[in-house]
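Q: First, the structure itself, so that you have it in front of you.
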Amino acid sequence: MRNEKTKRRCLRAAATLAVTGAMCGIGVGTASAHESAPEPATGGVLGAVQTSAGVLVHHLEEYHLSRPTWEVESLLTSPQENIRIHKAMLDDAIDPVLGLLP
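Just so we're aligned: the sequence shown equals residues -33 to -1, 1 to 69 in mature numbering (1 follows the signal peptide of the UniProt record, and there is no 0).
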């Protein structure tokens, strides 16, 4: 069981690196015109990376760019909510890439 947890953590770390790389290297449209993250343009790996990058862009626009003081205010008033929002964002960003694994 412990080996399975370690494997899952490694996969999440790899997916996080892939998503971060996607944000730096693969062009995706911003989510500003959308209520939610944009749909991927293609399937497979590229679609998963685009979806993950879209989730991150959407989060940045919704919470950090539109309300620059949100991070500090939420940490001072409701740190649990801040952590919940960031955990949900990370899960949404990593899940498409993890979904490609057998």
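From the three backbone atoms N, C-alpha and C, an ideal C-beta is built for every residue, glycine too.
1. Could you tell me how far apart the beta carbons of His31 and Glu40 are, in whole angstroms, since I believe they sit closer than 8 Å?
2. Does the beta-carbon distance from Val12 to Leu57 come in below 8 Å?
3. Hey, would you say Thr18 sits closer than 8 Å to Pro63, going by beta carbons?
4. Using a Cβ-Cβ cut-off of 8 Å (strictly less than) and excluding sequence neighbours within five positions of Asn(-31), which residues of its own chain qualify?
5. Compute the distance between the beta-carbons of Ile50 and Arg(-22), then report whether it is under 8 Å.
6. If you run the structure through DSSP and keep just helix, strand and coil, what is Thr36?
7. Within the segment 7 to 33, note down every full alpha helix (DSSP H) run reaching 4 residues or more, in order along the chain.
8. Please report the straight-line C-alpha distance between Leu23 and Leu65, rounded to a whole angstrom.
9. What is the DSSP secondary structure of Leu42, counted as helix, strand or coil?
A: The relevant details are as follows:
1. Rounded, the Cβ-Cβ distance is 12 Å, inconsistent with contact.
2. No, they are not a contact pair.
3. For Thr18 and Pro63, yes; Cβs fall inside 8 Å.
4. None.
5. Not a contact, by the Cβ cut-off of 8 Å.
6. The answer is coil: DSSP assigns Thr36 none of H, G, I, E or B.
7. Listed in chain order, they are 11 to 26.
8. Between the alpha carbons of Leu23 and Leu65 lies a gap of roughly 16 Å.
9. Leu42 falls in the helix class under three-state DSSP.
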